[in-house]
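Trainee:
Residue numbers (the numbering used here): 3 to 252.
(1) In chain order, what residues of the same chain have a beta carbon less than 7 Å from the beta carbon of residue 143, not counting five sequence neighbours either side?
(2) Is it the case that the stretch 5-18 contacts the stretch 29-45, given that we only count it when at least three CB pairs across the two stretches are under 8 Å?
(3) Can you tell me whether residue 84 is buried or exposed? The criterion is at least 16 other CB atoms within 10 Å of its CB, across all chains shown.
(4) Compute the distance between the beta-carbons of residue 157 and residue 205, then report whether it is under 9 Å.
(5) Just how far apart, CA to CA, sit residue 50 and residue 39?
(6) Quick check: the Cα distance between residue 127 and residue 152, rounded to an integer number of angstroms?
(7) Expressed to the nearest angstrom, what Euclidean distance is found between the alpha-carbon atoms of residue 93 and residue 107?
(8) Report the residue from 27, 140, 136, 173 whose alpha carbon sits nearest the alpha carbon of residue 7.
(9) Does the Cβ-Cβ distance between residue 188 and residue 110 come in under 9 Å?
(10) Using 8 Å for Cβ pairs, my map puts residue 203 next to residue 72. What's the rounded Cβ distance?
(11) For residue 23, which option in 171, 35, 48, 184 has the closest C-alpha, if you only look at C-alpha atoms?
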């Protein structure tokens, strides 16, 4: 978990995305301060440092969150699957409210994999699947969605935290980690799921992104490392402030 948090706080992961970096760092510190920690920097690398605990339960509930702006049916077009996903979302909330944090985060990880697998199955993709659908896991689905511009860079990076805790469905994994999910864990993981669902809804009706053409190269040379350029995506456009709200398809 510590490694995942520090990766989220590493500015090198946000090339040409400084606004996203500062927003992520701010949110991380708002959560970490509840446990008496914050993100510092040593030698250009992020580190966890101790600080005074500054927030109680009352203030904790007022901290800004990434709100879910869409319904499950705007993300999942299959009615039966949408009902199953909604049930898992409701059960995750019930677990959270009653202190069953391990169950809640496992439920969120399962939900996240389900909606990303559905997108990979039904959407027209500009990038081919790296392996058969049945052999793909959560990490594969996240990478595939990002490469097809269905989710944004922040959702891709932060999903690693959800994946880490979802794997605690195996008791031996939790024993090796030496840490059980708590309320702070859910406060970090839940916005990741919300952001991913928002992105998937915003890009549901978008045409597939065509594969980036290979630059001319001499025999024996690899792909041009500068072939992929930064450009706006449907998800990033949907996140910009506007008066019309989020446009989503099915």
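Cβ atoms here follow ideal geometry from the backbone N, Cα and C, with glycine treated the same way.
Mentor: Reading off the structure:
(1) 115, 118, 119, 122
(2) yes
(3) buried
(4) no
(5) 6 Å
(6) 10 Å
(7) 11 Å
(8) 27
(9) yes
(10) 4 Å
(11) 48
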